[in-house]
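Adding 25 to a residue's 1-based position in the sequence shown gives its number in the numbering used here. Reviewing the structure listed below.
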Amino acid sequence: MTVIDPIMNRVLKRSDCAPYDYVGSTKPMGKTSAMAALLDCSDERIDRIRAFAGIEGDVFMDSQSAKALEDDAAPTALDQQRAGKAVAKPAISAAMLRDWCREQLEEADTAQDKEAAKELMSTLEAAGMIPGNGVKPKRA
């Protein structure tokens with residue numbers, strides 16, 4: 026069973042992949058309508074989908090075959106252009122994240138909130154995401 030909108034229902038019907046039945050009727054869901062559709066994964070259905078899409082043979086590949094198909098060509102001009110560009114700094118820096126953590130600690134109303142803020146800071150420090158500041162949470 027899946028929930029689909031009327032447009033997806035039409036797409037499924039046109040691609041010979043229509044649901045075999047519905048539960049209830051179409052109902053409004055926010056800005057669109059939706060319906061509960063029953064779809065199966067039988068061999069017949071899979072064969073119909075493969076026939077409609079023109080898929081013949083196995084579509085899966087083992088990792089050795091994939092490795093053999095990798096392109097060993099030289100980088101393209103676009104790749105070389107990208108390599109010469111400076112990497113943009115992230116919108117949120119480690120200092121900004123550290124400052125936000127300090128604000129959380131300062132604005133904590135309860136001891137539990139303060140410990141949670143300290144625990145977050147400690148975790149981010151350990152992960153190398155913010156510089157250390159020596160704030161250590163109490164360990165239970």
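All C-beta atoms in this analysis are idealised placements derived from N, C-alpha and C, irrespective of residue type, glycine included.
Backbone CA spacing between residue i and residue j [nearest angstrom]
i    : j    : result
K52  : I29  : 11 Å
T27  : T148 : 39 Å
M146 : T135 : 17 Å
W125 : E132 : 10 Å
L37  : D83  : 23 Å
A91  : D97  : 13 Å
G49  : F85  : 37 Å
A151 : I32  : 48 Å
L122 : D138 : 18 Å
E140 : K56  : 42 Å
S67  : D87  : 24 Å
R127 : S118 : 14 Å
D72  : E144 : 54 Å
Q89  : M54  : 46 Å
N34  : R70  : 16 Å
Expected contact under 8 Å - CB spacing of residue i and residue j to nearest Å
i   : j   : result
A62 : Y47 : 6 Å
DSSP beta-bridge partners of residue i
i   : result
P53 : S58
D46 : L63
I71 : Answer by DSSP bridge pairing: none, since I71 is not bridged.
V36 : For V36, which the question treats as bridged, DSSP gives no partner whatsoever.
V84 : The partner list for V84 (beta bridge, DSSP) is empty, contrary to what the question assumes.
T27 : A62
Close-in-space but distant-in-sequence residues of the same chain around residue i (CB under 6 Å, 5 per side omitted)
i    : result
Q129 : A142
S40  : F77
E95  : none
P44  : A62, L63, L64
A93  : none
Beta-carbon gap between residue i and residue j smaller than 9 Å
i    : j    : result
I80  : C42  : no
A116 : P156 : no
Closer than 8 Å: residue i CB and nearest the ligand HEM heavy atom
i   : result
V28 : The model depicted lacks the ligand HEM and carries no ligand whatsoever.
Cut-off 7 Å between Cβ atoms - residues of its own chain near residue i, not counting five sequence neighbours on either side
i    : result
M154 : A119, L122
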